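The numbering used here runs 26 ahead of the 1-based position in the sequence shown.
Virtual Cβ for every residue (Gly too), placed ideally from N, Cα, C.
Here the structure is a predicted model, which is why all the values come from computation and not from measurement.
Data block below; observations after.
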Amino acid sequence: MRISPRLTRPLQNKLAPLACLLLWQIAHPAAGQLEAGDLPAAATGEALIFETNVLPLLRENCLRCHGEKKKKGGLDLRSVESALRGGESGEALIPGKPDESLIIELISKGEMPPGKKTRLDPAGQKLIRSWIEGGARSLKHPQGAPREREVTEHDITPLLLLRCTVCHGGRKKEGELDLRTRESMLKGGKSGPAMIPGKPDESLMIKKIRAGDMPPARKLVVVSVKFMRPNELELLERWIKAGAPPAERTGEPPDQASSIEEKDREFWSFRQLEKTKTPEPENKDRVRNPVDAFIETRLEKAGLRLAPAAGRLTLLRRASFDLLGLPPRPEDVEAWLADDKPGAWERLVDRLLESPRYGERWGRHWLDVAGYSDSEGGQHADRIRPQNWRYRDYVIQAFNDDKPYDQFLLEQLAGDELADYRSPEGVTDEVYSNLIATAFLRQSVDGTYANITNFVPDRLEIIDDVIETIGSSLLGLTLHCARCHSHKFDPIPQRDYYRLTATFKGALDEHDWLKPDGDAGSGRYLSVLPESKLAKWKAEKAAVDAQIDRLRKELAEKRKKRSAELGIAPGELEKKDAAFKKTVDSANERIKGLEKKKPEKPLVRALWDRGTPSPTYLLKRGSYLTSGRPVSAGVLSALSERGKPFRPAPPWKG
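The following block contains the structure:
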């Protein structure tokens, strides 16, 4: 078959360089042979070792952010062990599985190291991939890193808190079984030890879970828990098989050193306010105070002047709307126009500030910050918060009393800690007010009054809303960004978010939850009343109770008498005697009316410390299913002194 030269020319052009290269190698046979030492270990078939082959590459490209001085995202890449331990996003690598290793995902996408100029070249990426594929070998583990890391009690505790301790924990111990610690599991309950170290198949808790008996299906919605997942059961079995290794109880691990640097402590919102020098504008004839000076100076730069002075009636309306949110009353207008003496303006402002409407006008702004609402939200039912109005009134009164701002904040954050409200000496008006103030932390949209929306992730949303309210209202920070990862812009490591949740966990514990609509003792209400009001409340209640008791006694006597007259059993009278039934109905209606006259039960919607909380763990990527390292209570790292860890102390003895 004849082929056109036109079709063969491209092929000839492509093969020509290869032919030349082949001829050159035939002429110089040794020129194309490289020494074994010139090739990377992967190319020669030698095993890649972390310290020899990988660490130099990481030291050059990664350890500045993930090394000794700084551990962004809680990740330390200085050793195979620390890389396996991972950071806030989980394990950095999985030996033998490069495609499932987070470090490969990030470097292949160019996300780590960040920036186009610092990206790893293909050779570096291939080296790390080959090392992981070969088992992530190191001098300590020349045959490859362990495919499965050791499971400790810190891996198991969050799991049991999530699935089991609602019935076998702090508030409730069904079968006298407590599953919160290794020691309590070994102690067991009525049926014996919950586990036998080294023998998962013989451990009672494993048998119950495998059989589907625990948690019991009929109680899942009632207690808002779910069945243990297969991977969770496998983890529990591995832990018991390994002898149930205990957790180190030494606080946060030493490698949890803060990633905060000194420059982070100078973040703009953390700096103290500096007194600014009052400017001196060219036109001083209209300047009456420093504020005027600033305004006039800025206007002059724009070639403008202050507007003409407002008339007296305009000033009155402006002041009244600004301070009270209401127009002036006719008598206010008359008094203002009649006051032509020096200092009239100051006297007007003082009168407006003394009005109770001032607190209503300006308190609403703080109520907006707190997220105040008269109902729970989050559900179609949108249940009313019957006692929440007390917090509204507290805020209004605080503005009217000109309460110092630091005291205002302290009462709302820790009102239950300022004095012992359980003291037998009774509750003072101040203590009562402080307890009401803590409702600042009870304003989140909350649908957890329904069992079906009262699972741990639902509760974590409420806690997140509280943390975000604290951050936005008091710190000017969006703290909830750090729930899933270290903050992208502000100096807030993810660990700091969970340190804050641990600080409030004595009152906001996702594993020891109070429903919004419970009564005193079961919900978010305290039954307290100040001594100044308690005597009156008791007297009013006693008076109504006495009337009710009298009516019931009279009815009982009539029942007894009528029963004897008719020879009918007392319980059958209403059915057989229409006249007596009317008497009973009338008495019951009167009793219902009296019940409504009883003084309201002294309940306060509050937030208070309920005792020893469950431990706090960092949640990898914010998921309640992926608990990480334990975290202790603390404040933002950027606001704490180095070498002086946060130490919570009892507010009073006992």
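Going straight from the alpha carbon of Leu103 to that of Glu456, what length do you get?
The residue given as residue 103 occupies position 77 in the sequence shown. The residue given as residue 456 occupies position 430 in the sequence shown. Roughly 54 Å separates the two Cα atoms.
In this structure, how does DSSP classify Asp366 when only helix, strand and coil are distinguished?
Here the question's residue 366 lines up with position 340 in the sequence shown. Looking at Asp366 - three-state DSSP - the assignment turns out to be coil, as it is neither helix nor strand.
When the Cα atoms are used, what is the spatial distance from Ser459 to Tyr420?
The count along the sequence shown starts at 1 and reaches residue 459 at position 433. The count along the sequence shown starts at 1 and reaches residue 420 at position 394. Using only the alpha carbons, I get a separation of about 7 Å.
Check whether the Cβ atoms of Glu176 and Pro271 lie closer than 9 Å to each other.
Mapped onto the sequence shown, residue 176 falls at position 150. Mapped onto the sequence shown, residue 271 falls at position 245. Yes. Within cutoff.
Here's a check: name, in chain order, each residue in its chain whose Cβ is nearer than 8 Å to the Cβ of Leu552, leaving out the five neighbours to either side.
Position 526 of the sequence shown holds residue 552. Excluding residues within five positions, the ones whose Cβ falls inside 8 Å are Tyr447, Leu461, Ala546, Leu629, Val630, Ala632 and Trp634.
Which residue comes first and which comes last in the alpha helix (DSSP H) that contains Tyr643?
Indexing the sequence shown from 1 puts residue 643 at position 617. Element bounds for Tyr643: not the alpha helix (DSSP H) but the beta strand (DSSP E), Thr642 to Leu645.
Would you say the segment 591-599 touches the segment 551-570, given that touching needs at least three Cβ pairs under 8 Å?
No: fewer than three Cβ pairs fall under 8 Å.
Nearest CA to the CA of Gly549: which residue from Asp538, Leu555, Glu557 and Lys559?
Reading the sequence shown from its first residue, position 523 is the one you call residue 549. Minimum Cα distance to Gly549 is reached at Asp538.
For Asp97, count neighbouring Cβ atoms within 10 angstroms of its own Cβ and tell me buried if that reaches 16, exposed if not.
Taking the first residue of the sequence shown as position 1, residue 97 is located at position 71. Sequence inspection shows Lys at residue 97; the Asp mentioned does not correspond to that position. The residue is buried, with at least 16 neighbouring Cβ atoms inside 10 Å.
Using the rule of at least 16 other Cβ atoms within 10 Å of the residue's Cβ for burial, across every protein chain shown, is His391 buried or exposed?
For this step, residue 391 is matched to residue 365 along the sequence shown. Per the 10 Å Cβ criterion, exposed.
Identify the continuous alpha helix (DSSP H) that holds Pro184 and give its terminal residues.
On the sequence shown, position 158 is the one that residue 184 refers to. Where Pro184 is concerned, the enclosing alpha helix (DSSP H) stretches over Glu179 to Arg189.
Can you tell me the Cβ-Cβ gap for Ser295 and Gly502, rounded? I've got them flagged as a contact below 8 Å.
Position 269 of the sequence shown, counted from the start, is the residue given in the question as residue 295. Position 476 of the sequence shown, counted from the start, is the residue given in the question as residue 502. Their Cβ separation, rounded to whole angstroms, is 5 Å, which keeps Ser295 and Gly502 in contact under 8 Å.
Check whether the segment 362-374 and the segment 382-402 are in contact - that is, three or more C-beta pairs closer than 8 Å.
In short, these stretches do not touch, since the Cβ pair count stays below three.
So what does DSSP say about Tyr447, is it helix, strand or coil?
Taking the sequence shown and counting its residues from 1, the one referred to as residue 447 is at position 421. Tyr447: coil per DSSP, three-state reduction.
For His92, is the classification buried or exposed, using 16 other Cβ atoms within 10 angstroms of its Cβ as the cut-off for buried?
For the purposes of this step, residue 92 is identified with residue 66 of the sequence shown, where counting begins at 1. His92 comes out buried.
Identify every residue that forms a DSSP beta bridge with Lys199.
Indexing the sequence shown from 1 puts residue 199 at position 173. Bridge partners of Lys199: His194.
Name the two residues that bound the continuous beta strand (DSSP E) containing Pro552.
One-based indexing of the sequence shown puts residue 552 at position 526. Residue identity check: residue 552 is Leu in the sequence provided, not Pro. Run containing Leu552: Tyr551 to Ser553, per the beta strand (DSSP E) assignment.
Between the C-alpha atoms of Val661 and Asp442, what's the straight-line distance to the nearest angstrom?
Looking up residue 661 in the sequence shown gives position 635. Looking up residue 442 in the sequence shown gives position 416. So the two alpha carbons sit approximately 19 Å from each other.
Within 9 Å (strictly less), CB to CB, does Glu258 reach chain D?
Within the model displayed, chain D is absent; a lone protein chain is all it includes.
In terms of alpha-carbon separation, which member of Val570, Ala659, Asp543 and Pro556 lies closest to Gly403?
For the purposes of this step, residue 403 is taken as residue 377 along the sequence shown, with counting starting at 1. Ranking the options by Cα distance to Gly403, first place goes to Asp543.
Quick one: any contact between the segment 153-161 and the segment 249-262, if contact means 3 or more CB pairs under 8 Å?
Touching, no.
Please classify Gln433 as buried or exposed, where buried requires at least 16 neighbouring CB atoms within 10 angstroms.
On the sequence shown, residue 433 is found 407 positions in, with the first residue counted as 1. Exposed, since its Cβ has fewer than 16 Cβ neighbours within 10 Å.
Taking the Cβ atom as the reference point for each residue, do Leu505 and Leu526 lie within a distance shorter than 9 Å?
Translated into the one-based positions of the sequence shown, residue 505 becomes position 479. Translated into the one-based positions of the sequence shown, residue 526 becomes position 500. For Leu505 and Leu526, yes; Cβs fall inside 9 Å.
Confirm, please, whether the CB-CB distance from Asp290 to Ala675 is below 9 Å.
Within the sequence shown, residue 675 is the residue found at index 649, counting from 1. Within the sequence shown, residue 290 is the residue found at index 264, counting from 1. Against a cut-off of 9 Å, the Cβ pair of Asp290 and Ala675 comes out as no contact.
Within its chain, find whatever has a CB closer than 6 Å to the CB of Pro226; leave out the 5 residues flanking it on each side and keep chain order.
Within the sequence shown, numbered from 1, the residue matching residue 226 stands at position 200. The answer, listed in chain order, is Ile232, Glu263, Ile266 and Lys267.
Using the C-alpha atoms, what's the distance from Ala568 back to Arg599?
Here the question's residue 599 lines up with position 573 in the sequence shown. Here the question's residue 568 lines up with position 542 in the sequence shown. Sequence check: residue 599 is Leu here, not Arg. The straight-line gap from Cα to Cα measures roughly 31 Å.
Could you give the DSSP three-state label for Gly112: helix, strand or coil?
Translated into the one-based positions of the sequence shown, residue 112 becomes position 86. In this structure, Gly112 counts as coil in the three-state DSSP scheme.
Do you know offhand how far Phe672's Cα is from Ser658's?
The residue given as residue 672 occupies position 646 in the sequence shown. The residue given as residue 658 occupies position 632 in the sequence shown. Going by the C-alpha atoms only, they are around 9 Å apart.
For Arg145, I'd like the list of residues in its chain whose CB is within less than 6 Å of its CB, leaving aside the five on either flank, ordered along the chain.
As a first step, residue 145 must be located in the sequence shown, where it is residue number 119. Excluding residues within five positions, the ones whose Cβ falls inside 6 Å are Gly136.
By the three-class DSSP mapping on this structure, what secondary structure does Leu49 have?
Taking the sequence shown and counting its residues from 1, the one referred to as residue 49 is at position 23. The predicted position of Leu49 is uncertain, since its pLDDT is 40 and thus under 50; a value taken from the coordinates is nonetheless stated next. Residue state, collapsed to three classes: helix.
Let's see if you can read the secondary structure: which residues bound the alpha helix (DSSP H) around Pro656?
Residue mapping note: residue 656 aligns to position 630 of the sequence shown, counting from 1. Per DSSP, Pro656 belongs to no alpha helix (DSSP H); it is in the beta strand (DSSP E), Ser653 to Val657.
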